[in-house]
Amino acid sequence: MSTTREIYGETRPEISEITVSKVQTYYLTDDYLSKPRNTPMKTLEDSVRFSDENRGSEGGSAGDLPAWPDGQRLFRKCGETKGIKDRTYYEALHHIQRQRRENGVDGALQDHSPRTRSMGDHLDDQQQLLDALLFCDVKAGGTQIAAQAGYPVLSIPIGLDPEGMPVPLTLQHSAWQGVKLIKSASAIEDLIKVHKEQNSALATSRLGRTAPGYQNHPRKNIPVEPEYNWPGRH
């Protein structure tokens, strides 16, 4: 798996995840914005410019709003790449894919646990693959690993955290193994249907799918906690 330097580092861009993220964010944003007809926003630069011109509500610059203490720092860095896939981009991409595949998901799927063998049993531990990798994916790290590897991933809602946010169980496997994930996920969902027998329990204590609570969703969100460190902030 990646080290912190690979994810956020600027000193070695040839192995940094942010190198790939900046380039892909640029051209994928442009591709997305080029399609809607009801907005003048057509490029990433248009979006950055709009936020700069509406700093009071959009937090275009550092310190404008507590919710975005860094402003559009990362968006601006994405804009600097112009979406160009240069040599450094491909070096970083290949390194990250190798870390997520051979050194990540594929390596973790190998069952290295000791087992008792009968006489004549010549099975190699390296040939024994786990059925799936399981993540209690509160911060979405599991889905990111699978996405960067290009491998199948499947998430099952298993409940709510104390603040009412959904918590998923994420299953992963190697390339072309999506059928195994579907079988495993189906079996898991059958098992956690016991939550129907626990309706008297608090929502945060139940297993399985829980009806959503919309929490007054039309209300305008006003950030009031400048020092709040959201998951993933760096």
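Residue numbers for the sequence shown follow the working numbering, so the first one is 13 and each next one is one higher.
For glycine and all other residues, C-beta sits at the position ideal for the given N, C-alpha and C.
* To do: List the endpoints of the continuous alpha helix (DSSP H) containing VAL60.
  => From DSSP, the alpha helix (DSSP H) with VAL60 extends over 56-65.
* Segments assigned beta strand (DSSP E), at least 3 residues, entirely inside the stretch 174-204 -> For the stretch 174-204, whole beta strand (DSSP E) runs of length 3 or above, ordered along the chain, are 178-184.
* Please go through the stretch 39-115 and give each complete alpha helix (DSSP H) segment of 4 or more residues, from N-terminal end onward. => Runs found: 56-65, 67-70, 85-93 and 99-112.
* **Assumed close pair ILE194, LEU166 - CB separation to whole angstroms, cut-off 8 Å** => So it is a contact: roughly 7 Å between Cβ atoms.
* Alpha-carbon spacing of THR2 relative to ASN228, whole angstroms -> This structure leaves residue 2 out entirely; the chain is present only between 13 and 246.
* Asked: So which of PHE62, LYS192, GLN156 and GLU26 has the shortest CA-CA distance to GLY116?
  -> Ranked by how close their Cα comes to the Cα of GLY116, the residues PHE62, LYS192, GLN156 and GLU26 have GLN156 in first place.
* **Which of helix, strand or coil DSSP assigns to LEU135** => Any answer about LEU135 is weak, because its pLDDT of 44 lies below 50 and its placement is not dependable; what the coordinates show is given next. Coil.
* Coarse secondary structure for SER33, derived from DSSP in three states -> If DSSP states are grouped into helix, strand and coil, SER33 belongs with the helices.
* With LEU146 as the anchor, note down where its beta strand (DSSP E) starts and where it stops. => Residues 145-148.
* **Where PRO169 falls: helix, strand or coil (DSSP)** => It is a strand residue.
* Could you say if the stretch 31-49 and the stretch 100-114 meet the contact criterion of at least three C-beta pairs nearer than 8 Å? => Contact between the stretch 31-49 and the stretch 100-114 is present: three or more C-beta pairs spanning the two stretches fall below 8 Å.
* Other residues of its chain near HIS134: CB distance less than 7 Å, five sequence neighbours each side excluded -> Note on HIS134: pLDDT 47, under 50, position unreliable in the model; the coordinate value appears next. Closer than 7 Å at the Cβ level, and outside the excluded window around HIS134, lies no residue.
* What residue does the alpha helix (DSSP H) around ALA120 start on, and which one ends it? -> Its alpha helix (DSSP H) spans residues 118-121.
* **Where GLU29 falls, given that 16 or more other Cβ within 10 Å makes a residue buried** => Looking at its Cβ environment, which holds 16 or more other Cβ atoms inside 10 Å, GLU29 is buried.
* To do: Look at the alpha carbon of GLY83 and the alpha carbon of GLY95, and state the distance between them as a whole number of angstroms.
  => Spanning the alpha carbons of GLY83 and GLY95 requires a straight line of approximately 21 Å.
* Specify whether the stretch 74-94 and the stretch 36-51 touch according to this definition: at least 3 beta carbon pairs, one from each stretch, less than 8 Å apart. => Touching, per the Cβ criterion.
* Asked: To the nearest angstrom, how far is it from the Cα of PRO169 to the Cα of GLN109?
  -> PRO169 and GLN109: Cα-Cα distance of roughly 27 Å.
* **Limits of the unbroken alpha helix (DSSP H) element including GLY154** => Here the alpha helix (DSSP H) through GLY154 covers 153-161.
* Determine the direct distance from the alpha carbon of GLY71 to that of LEU45, and round the result to whole angstroms. => Approximately 20 Å between the Cα atoms of the pair.
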